[in-house]
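Residue numbers (the numbering used here): -5 to 476.
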């Protein structure tokens, strides 16, 4: 079920009304209903894969239960390894089997030997990368004794499959989200209104910005061999805004929907395109995944401690694995490698934490230096996104080569006409609201709160009108494929 579908428009208010009606009974009734609603939400995509979520939830619930009872170090390690093996095996089979099979075949072909491995017709379960990491973090935190395991199986299963963030995050930690299933939730009008406002902004990002950018992006990337360098550069910029608006839009809708039900999820994006260097960008982009890799991979490897060689190893390890997490294609691995190359100089020179506050924190506009820093960081990011979007490394290299050719100085081809111009204007409008709302959790969190009520609601209504005018036919979120 898509957030931008008519099915969700029907599902959400019905679920909301029943849920708060049950609030007068007990937390158990609320959690039980949330569990059923979440399974229904996911099952609308494919009921068969509910068994995977239930199996993964069961394994980690049992692992957590016995980790608390057993004190023998070897046995506890064995239990943790069981959780890691089961979860990563499921993820590896559904997401990476064909990739490894094809890569294995290609290696033998290069060695002059012929080997055939049948490609399986595997359907990738939507959201498997997200809920796998969520359950894994629970087992690891229990093993580390950072949290106490739950004995409440209903709450745990609800935590794993909580429908707002089930498919594409944020990847929640048990220490943040799980305790919220234990406490009685009360309907707070102010929180619900704020949630609706964030849902509206998320829908605007997805439907108006991302989906309309996608039309231009698909046209350019699918025909890049016939377009000049300036057109390809513009197409890459459009993709940068498409993927940001698409993914952060999903996160906004997920967080806003959660607030309607009395839950608080962590912020997943913090205006990353206003970053002054790559290190700051990765503190602001897909925060739940970045911090997951930091806590469960980077720090255990040694983090930024030890020799320069170890620091280099650790950085390349987490970025390459992060790229591989996104998809079974060498383009994603290259994207991760390239971002590691961007990040490394800041780590080695110890400048990776130079910009901890938002740009122009105490000013309305940035300085000339900050503008240059933001533009250079954005352009580096745009070139990395070309690998992320391309079908193969060869396509990405050819795409970039054409950008750096003499054709870059030609006038852009007519690749979208008036529709591309409209989308560009909408992107500028979108980024204006993002800039003035950059100190908050999302773009329009505080915008208009002090306005006259007529003007404020006219603004919200205008966003709704734009959503209807520029809506496309139920375009999926990009991160559903991950």
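We put the CB at the ideal spot given by N, CA and C, even for glycine.
Please report the straight-line C-alpha distance between residue 142 and residue 54, rounded to a whole angstrom.
Those two C-alpha atoms are separated by around 13 angstroms.
Any chance the region 228 to 238 sits against the region 137 to 153, with 3 or more Cβ pairs inside 8 angstroms?
Too few Cβ pairs lie closer than 8 angstroms, so no.
Expressed to the nearest angstrom, what Euclidean distance is found between the alpha-carbon atoms of residue 197 and residue 460?
Cα to Cα, the separation comes out at about 10 angstroms.
Quick check: the Cα distance between residue 186 and residue 439, rounded to an integer number of angstroms?
Taking the straight line from one Cα to the other gives about 13 angstroms.
Keeping to the same chain, check which residues put their C-beta closer than 8 angstroms to that of residue 379; ignore five residues upstream and five downstream.
If we look at residue 379 and ignore the five residues flanking it on each side, its Cβ neighbours are 230, 233, 234, 237 and 329.
According to DSSP, simplified to helix, strand and coil, what is residue 436?
In the structure shown, residue 436 sits in coil (DSSP, three-state: anything other than H, G, I, E or B).
Counting only the same chain and skipping the five closest in sequence on each side, list residues whose C-beta sits under 8 angstroms from that of residue 29.
Cβ neighbours of residue 29 beyond the five flanking positions: 148, 151, 152 and 155.
Count the other CB atoms, across all protein chains shown, that sit within 10 Å of the CB of residue 333; report buried if there are 16 or more and exposed otherwise.
Looking at its Cβ environment, which holds 16 or more other Cβ atoms inside 10 Å, residue 333 is buried.
Less than 8 angstroms between the CB atoms is what I'm expecting for residue 498 and residue 313, so what's the real figure, rounded?
No information on residue 498 is available, as it lies outside the stretch -5 to 476 that the chain covers here.
Taking all protein chains shown into account, decide if residue 140 is buried (16 or more other Cβ within 10 angstroms of its Cβ) or exposed.
Per the 10 Å Cβ criterion, exposed.
Going by C-alpha to C-alpha distance, which of 437, 220 and 410 sits closest to residue 478?
Residue 478 is absent from the structure shown; the chain starts at -5 and stops at 476.
Does the Cβ-Cβ distance between residue 163 and residue 200 come in under 8 angstroms?
No. Outside cutoff.
Suppose the cutoff is 8 angstroms on Cβ atoms and the five residues either side in sequence are ignored; what does the same chain contact list for residue 413 look like?
Hits under 8 angstroms: 206, 209 and 210.
Identify, in the order they occur along the chain, each residue of the same chain with its Cβ nearer than 6 angstroms to the Cβ of residue 382, setting aside the five sequence neighbours on each side.
The residues are 329.
Here's a check: name, in chain order, each residue in its chain whose Cβ is nearer than 7 angstroms to the Cβ of residue 168, leaving out the five neighbours to either side.
Correct list, in chain order: 131, 132, 135, 141 and 153.
How close, in whole Å, do the beta carbons of residue 172 and residue 144 come, if the pair is a contact with beta carbons under 8 angstroms?
Going by Cβ atoms, the distance from residue 172 to residue 144 rounds to 6 angstroms, so yes, they are a contact pair.
Would you decide whether residue 89 is buried or exposed? Buried here means 16 or more other CB atoms lie within 10 Å of its CB.
Buried: at least 16 other Cβ atoms inside 10 Å.
According to the neighbour-count rule (16 or more other Cβ atoms, all chains shown, within 10 Å of its Cβ), is residue 426 buried or exposed?
Exposed is the call here.
Tell me where the alpha helix (DSSP H) around residue 149 begins and ends.
That run of the alpha helix (DSSP H) goes 147 to 155.
Which value, in whole angstroms, describes the spacing of the CA atoms of residue 161 and residue 443?
Residue 161 and residue 443: Cα-Cα distance of roughly 32 angstroms.
Return the Cβ separation of residue 192 and residue 250 in integer angstroms, given the expectation that the two are a contact with Cβ distance under 8 angstroms.
That belief holds up - the Cβ atoms of residue 192 and residue 250 are roughly 3 angstroms apart, short of 8 angstroms.
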